[in-house]
Amino acid sequence: MLIGVCGGICAGKHSVLQYLVQKHSFQVLTLTRPTPTPDVEKSAFEAHVPTTIPNSESFQTVKFSDINSLLDYATANWRDNFVTTSIYDESIVEALSRRPFFTLLHIDAPISVRWQRFRDRCAEASLTPPTLEQFVLRNDEHMYSTSSNLATMASQAQIKLLNSTASLSKLWTSLDALNLTDQSRIRPTWDHYFMKLASLAARRSNCMRRQVGCVLVREKRVMATGYNGTPRNVTNCNEGGCPRCNGGGGGGADLSTCLCIHAEENALLEAGRERVGDGAVLYCNTCPCLTCTIKIVQVGITEVVYSQSYYMDAEAAKIFKAAGIKLRQFSPPREGLVNLMVEDELLTNGHA
């Protein structure tokens, strides 16, 4: 695994690097900087402000003069774990992204917080810090330069962290909960793979109430997919085809008047009982409702895996248990935008 860590100055890149090295024995890969030190990393009087990482002298670090050499080394040793913060421009990310073992992590923090962290770095080096206005202008010049396109990195990152904490221990606790070293981040498990397909199918849904997707699998082969919406040759729900869904009533009301076929029903109709047979597994991004539950039982499915809860999960679970069908929830590793302060509060209050 190779994790690239990018983000603005003093956002916490080196804290993540330190975490991966000290807690998970990652090796550091560094790349020679192709351009002079940017102004955003200098004091008020243009002196370079060094980055200090505790115990960095004990880090296993390998230096490279160009990205191709770094890639060759990482590829030849792909079973090892590496981390780099040498993300200097968009071309480096493009090169790294060609490797299937690469994951990009972007970390950010409020500009006022990053300025205070930079002031602390200046103080440690006995240098005069830039003013907040100077820091903002330098940061904008650095991040929005057309030669580097660093501001676009966030959109390319699989994991985006908001890091406003002043406590390194809290940051590390939040990173523990994210499980950055989960190998399914670079090669999804079967559960992760089929659930992603179910979530992709859900995007085809035309239902105005909820987008649900389903994948029917046997022996790790997809037999059928489905998503919820009005029947064939009937006006789509999002075009007014289902009065109940477009009426704005509360959830669970007037279900008998709904014209939308559920994702599970569509997948079962597509496969047919004969093709389902024994050992079939149904993946759904939402736990099935009671109507779909009894149909799932009837066709002989042996296991149901879901991602998001529904309001009648307990009732569905009772039916599945009585029928001898295994029901379990699968939660893939967190991706996208993660606010580490919220994660820390959840952990502190025992909700994660």
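Read in order, the letters of the sequence shown are residues 1 to 352 in full-length UniProt numbering. From the three backbone atoms N, C-alpha and C, an ideal C-beta is built for every residue, glycine too. If you're wondering where the values come from, they're calculated on a predicted model, not measured in any experiment.
Would you tell me roughly how many angstroms separate the C-alpha atoms of CYS122 and ILE53, rounded to the nearest one? Along the sequence shown, read from residue 1 onward, the residue named residue 122 stands at position 122. Along the sequence shown, read from residue 1 onward, the residue named residue 53 stands at position 53. Rounded to whole angstroms, CYS122 to ILE53 spans 14 Å at the Cα level.
By the 10 Å Cβ neighbour count, where 16 or more other Cβ atoms means buried, how is TYR144 classified, buried or exposed? Looking up residue 144 in the sequence shown gives position 144. So TYR144 ends up on the exposed side.
Under the rule that 16 or more other beta-carbon atoms within 10 Å means buried, what is TRP115, buried or exposed? Mapped onto the sequence shown, residue 115 falls at position 115. A residue is called buried when at least 16 other Cβ atoms come within 10 angstroms of its Cβ; TRP115 meets this threshold and is buried.
Given a cut-off of 8 Å on the beta-carbon distance, is the pair ALA224 and ALA267 in contact? Taking the sequence shown and counting its residues from 1, the one referred to as residue 224 is at position 224. Taking the sequence shown and counting its residues from 1, the one referred to as residue 267 is at position 267. Yes, the pair counts as a contact, with Cβ atoms nearer than the cut-off.
Assign ILE111 to one of three DSSP states: helix, strand, or coil. On the sequence shown, position 111 is the one that residue 111 refers to. In this structure, DSSP gives ILE111 a helical state, which the three-state scheme calls helix.
Endpoints, the beta strand (DSSP E) within which LEU162 is located: The residue given as residue 162 occupies position 162 in the sequence shown. Here the beta strand (DSSP E) through LEU162 covers 159-162.
State yes or no: is the C-beta of GLY213 nearer than 7 Å to some heavy atom of the ligand MG? Ligands are entirely absent from the displayed structure, and the ligand MG is therefore not among its contents.
Between the alpha carbons of ARG329 and CYS207, how many angstroms are there, rounded? Here residue 329 refers to the residue found at position 329 when the sequence shown is read from its first residue. Here residue 207 refers to the residue found at position 207 when the sequence shown is read from its first residue. Contrary to the premise, residue 329 reads as Gln rather than Arg in this sequence. Approximately 24 Å between the Cα atoms of the pair.
Residues in its own chain within less than 6 Å of LEU20 by CB, not counting five upstream and five downstream? Translated into the one-based positions of the sequence shown, residue 20 becomes position 20. Excluding positions up to five away in sequence, the list reads PHE26, VAL83.
Verify whether the separation of the beta carbon atoms of LYS23 and HIS106 is less than 8 Å. For the purposes of this step, residue 23 is identified with residue 23 of the sequence shown, where counting begins at 1. For the purposes of this step, residue 106 is identified with residue 106 of the sequence shown, where counting begins at 1. For LYS23 and HIS106, no; Cβs fall outside 8 Å.
Quick test of your reading: LEU340 and SER174, contact by CB under 8 Å. State the CB separation rounded to the nearest angstrom. As a first step, residue 340 must be located in the sequence shown, where it is residue number 340. As a first step, residue 174 must be located in the sequence shown, where it is residue number 174. The pair is a contact, with the Cβ atoms about 4 Å apart (cut-off 8 Å).
Let me know if SER86 comes out buried or exposed under the rule of 16 or more other beta-carbons within 10 Å of its beta-carbon. Along the sequence shown, read from residue 1 onward, the residue named residue 86 stands at position 86. SER86 should be labelled buried.
Same chain, Cβ closer than 7 Å to GLU41, five either side skipped, listed in chain order: Here the question's residue 41 lines up with position 41 in the sequence shown. Excluding residues within five positions, the ones whose Cβ falls inside 7 Å are ILE9, HIS48, VAL49.
Meets three-Cβ-pair contact criterion under 8 Å: the stretch 152-159 and the stretch 87-97: The stretch 152-159 vs the stretch 87-97: in contact.
Confirm, please, whether the CB-CB distance from THR128 to SER43 is below 8 Å. One-based indexing of the sequence shown puts residue 43 at position 43. One-based indexing of the sequence shown puts residue 128 at position 128. In this structure, SER43 lies near THR128, with their beta-carbon atoms less than 8 Å apart.
Could you say if the stretch 239-249 and the stretch 214-224 meet the contact criterion of at least three C-beta pairs nearer than 8 Å? no
GLN329 in three-state terms, based on DSSP: Residue mapping note: residue 329 aligns to position 329 of the sequence shown, counting from 1. Looking at GLN329 - three-state DSSP - the assignment turns out to be strand.
Does DSSP put ASN81 in a helix, in a strand, or in coil? Here residue 81 is taken as the residue at index 81 of the sequence shown, counted from 1. Three-state result, ASN81: coil.
Pair within 8 Å by beta-carbon distance, LEU104 and CYS6: On the sequence shown, position 104 is the one that residue 104 refers to. On the sequence shown, position 6 is the one that residue 6 refers to. In contact: LEU104 and CYS6 (Cβ atoms closer than 8 Å).
From ARG33, TYR283, CYS258, residue whose alpha carbon lies closest to that of LEU200: Stepping through the sequence shown from its first residue, residue 200 is reached at position 200. Taking only the C-alpha atoms, the option nearest LEU200 is TYR283.
Which residues mark the beginning and the end of the alpha helix (DSSP H) in which THR293 is found? Position 293 of the sequence shown, counted from the start, is the residue given in the question as residue 293. 290-299 is the extent of the alpha helix (DSSP H) around THR293.
Do GLU265 and GLY300 have their CB atoms nearer than 8 Å? Numbered from 1 along the sequence shown, position 265 holds the residue referred to as residue 265. Numbered from 1 along the sequence shown, position 300 holds the residue referred to as residue 300. For GLU265 and GLY300, no; Cβs fall outside 8 Å.
Alpha carbon to alpha carbon, what distance is there between LEU168 and SER15? Along the sequence shown, read from residue 1 onward, the residue named residue 15 stands at position 15. Along the sequence shown, read from residue 1 onward, the residue named residue 168 stands at position 168. Answer to the nearest angstrom: the Cα atoms are 7 Å apart.
Pull up the CB-CB distance for VAL297 and ALA323, whole angstroms please, since I reckon it's below 8 Å. Sequence index remark: in the sequence shown, residue 297 carries index 297 (1-based). Sequence index remark: in the sequence shown, residue 323 carries index 323 (1-based). VAL297 to ALA323, Cβ: 4 Å. Contact.
Would you call TYR306 buried or exposed, if buried means 16 or more other Cβ atoms sit within 10 Å of its Cβ? Start at 1 with the first residue of the sequence shown, and residue 306 comes out as number 306. With 16 or more other Cβ atoms within 10 Å, it is buried.
Ignoring anything shorter than 4 residues, give me the alpha helix (DSSP H) runs that lie fully in the stretch 192-266, in order along the chain. Counting only runs that start and end inside the stretch 192-266, the alpha helix (DSSP H) elements of at least 4 residues fall at 243-246.
Nearest to LEU327 by CA position, among PRO333, GLU335, ALA317, is which residue? Working through the sequence shown from its first residue, we reach residue 327 at position 327. Closest by alpha carbon: ALA317.
Of the choices THR230, LEU162, PRO34, whose alpha-carbon is the least far from that of GLU335? The sequence position of residue 335 within the sequence shown is 335, counting from 1. Nearest option by C-alpha distance: LEU162.
For VAL304 and SER331, what's the separation of their Cα atoms in angstroms? The sequence position of residue 304 within the sequence shown is 304, counting from 1. The sequence position of residue 331 within the sequence shown is 331, counting from 1. In a straight line, the C-alpha of VAL304 is about 14 Å away from that of SER331.
Can you grab the Cα-Cα spacing for the pair SER58 / THR30, in whole Å? Numbered from its first residue, the sequence shown carries residue 58 at position 58. Numbered from its first residue, the sequence shown carries residue 30 at position 30. Between SER58 and THR30, the C-alpha separation is close to 15 Å.
When the Cα atoms are used, what is the spatial distance from THR293 to ASN55? By 1-based counting over the sequence shown, the position of residue 293 is 293. By 1-based counting over the sequence shown, the position of residue 55 is 55. Roughly 56 Å between the two C-alpha positions.
Would you call the CB atoms of GLU141 and ASP39 closer than 8 Å? Counting from one through the sequence shown, the residue named residue 141 turns up at place 141. Counting from one through the sequence shown, the residue named residue 39 turns up at place 39. In this structure, ASP39 lies closer than 8 Å to GLU141 by Cβ.
Nearest-angstrom beta carbon gap, PHE101 and LEU2 [assumed within contact, 8 Å]: On the sequence shown, position 2 is the one that residue 2 refers to. On the sequence shown, position 101 is the one that residue 101 refers to. With 8 Å as the limit, LEU2 and PHE101 qualify as a contact, their Cβ atoms being about 6 Å apart.
Evaluate ASN139 with the Cβ neighbour count: other Cβ atoms within 10 Å of its Cβ, from every protein chain shown; 16 or more gives buried, anything less gives exposed. Against the sequence shown, residue 139 aligns to sequence position 139. Counting Cβ neighbours within 10 Å, ASN139 comes out buried, since at least 16 surround it.
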